[in-house]
């Protein structure tokens, strides 16, 4: 656990400019310098860009940041050990999201882990961290009613957007991925609304539109000749997708919701329409966070309880080789002293009993100061051979 580290930025802790810069870097093919990192998982969502890592032996967190993070990037945050696990668990449980309680983030964390598994960059440290973070997130979701199912980033904008729209109204959702699909499904239930689903793949747009009773349009056709809209929601990975040329054709537009990363909408071109960008959505999220204060406190307590238990489990695992070697040292000593007087079974039983006495103290030492400290004690006491286990 001492080797676990997490670095990155988020919308809540850095803002959109920092988020876009880190996002662009992490979307490139990541090749950490040899020896610096043993394992890594890239976590990219609409409001965070993070790396979860297992540091190489002897590598310090600040050394990692100096050697791996490009100097032009905002510094961001960094966590190591138990703090890194706690942060990852809070992310998976959607406690650090712009919209607390959204269930999409847990799916994104799982997808990032599975992608790293497939790429072969996961090892025992990152695997343990992600498996426990996802387990903790499930417990938080099961026990604390932070948000209903299908809550997403768009859920923050929907009430205000719905109140602004005339009736009837025409709204387009650009992007039929996970984020766009959630927005489209949410809007499909609004009465008096004609919904359009737009996607680069027309077949994908048609498939979603047919499920929702909406109309479908390919992206190229939409950009060339868009229908007159009252609102548009974007959720694509394309920077500046909607600019002056698009907005000059929209005379009755009252609202624009930009869920994309990087930003899909050129803000200066929107004109008189209300722009719900990440900054605006973050303000709405903080207002909602204040209303959820009691539930969030309960969720945070669950995270702390579960992280403490996970650290105990990790310590037990890491101490297992040392415990086995300590028992063997006791067995050899007993064999030398009383091997002629008692049976091998008795010696084994005594060795296990003698190990029991210091074991509780060693576990406490490891939990408080790290397994390395406990191992150092064993090495210095001659009860564990350095370099083994």
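Residue numbers (this note's numbering): 4 to 392. C-beta: ideal position from N, C-alpha, C; glycine also.
Here the alpha carbons of residue 151 and residue 25 stand approximately 31 Å from one another.
Between the alpha carbons of residue 365 and residue 311 lies a gap of roughly 17 Å. Residue pairing by DSSP puts residue 40 in a beta bridge opposite 58.
Within the segment 289 to 370, the runs of alpha helix (DSSP H) at least 4 residues long that lie entirely inside it are, in chain order, 296 to 341.
In this structure, residue 82 places its C-beta atom within 7 Å of the C-beta atom of residue 90.
Contact between residue 239 and residue 177 is confirmed by a C-beta separation of about 6 Å, below the 8 Å threshold. Between residue 140 and residue 182 the beta-carbon gap is near 19 Å, outside 8 Å, which marks them as no contact.
With 16 or more other Cβ atoms inside 10 Å of its own Cβ, residue 103 counts as buried.
With a beta-carbon spacing of about 6 Å, residue 313 and residue 88 fall inside the 8 Å limit used to define contacts. If you look at residue 224, you'll find it in the alpha helix (DSSP H) that goes 222 to 227. Within the segment 71 to 156, the runs of beta strand (DSSP E) that reach at least 3 residues and sit entirely inside it are, in chain order, 80 to 83. Collapsing the DSSP output to three states places residue 11 in a strand. Fewer than three pairs of CB atoms, one per stretch, sit closer than 8 Å, so the segment 159 to 169 makes no contact with the segment 207 to 221.
When DSSP states are grouped into helix, strand and coil, residue 26 belongs to the helix group. Secondary structure note for residue 188: its alpha helix (DSSP H) is the uninterrupted segment 181 to 191.
Counting only the Cα atoms, residue 133 lies some 35 Å from residue 384.
With a cut-off of 8 Å on Cβ pairs, the segment 353 to 369 is in contact with the segment 315 to 331, counting three or more such pairs. With respect to residue 86, residue 136 sits apart: the two C-beta atoms are not nearer than 7 Å. Rounded to whole angstroms, the Cβ separation of residue 29 and residue 48 is 11 Å, and the two are not in contact under 8 Å.
Per DSSP, the continuous beta strand (DSSP E) segment holding residue 172 begins and ends at 172 to 177. Rounded to whole angstroms, the Cβ separation of residue 22 and residue 71 is 18 Å, and the two are not in contact under 8 Å. Each of 259, 7, 94 and 11 was checked against the Cα of residue 303, and the nearest Cα belongs to 94. Residue pairing from DSSP places residue 279 in a beta bridge opposite 260.
Where residue 206 is concerned, the enclosing alpha helix (DSSP H) starts and stops at 205 to 215. Per DSSP, residue 248 lies in no beta strand (DSSP E) segment; the continuous alpha helix (DSSP H) that holds it begins and ends at 247 to 250. The criterion of a C-beta distance shorter than 7 Å is satisfied by residue 55 and residue 9.
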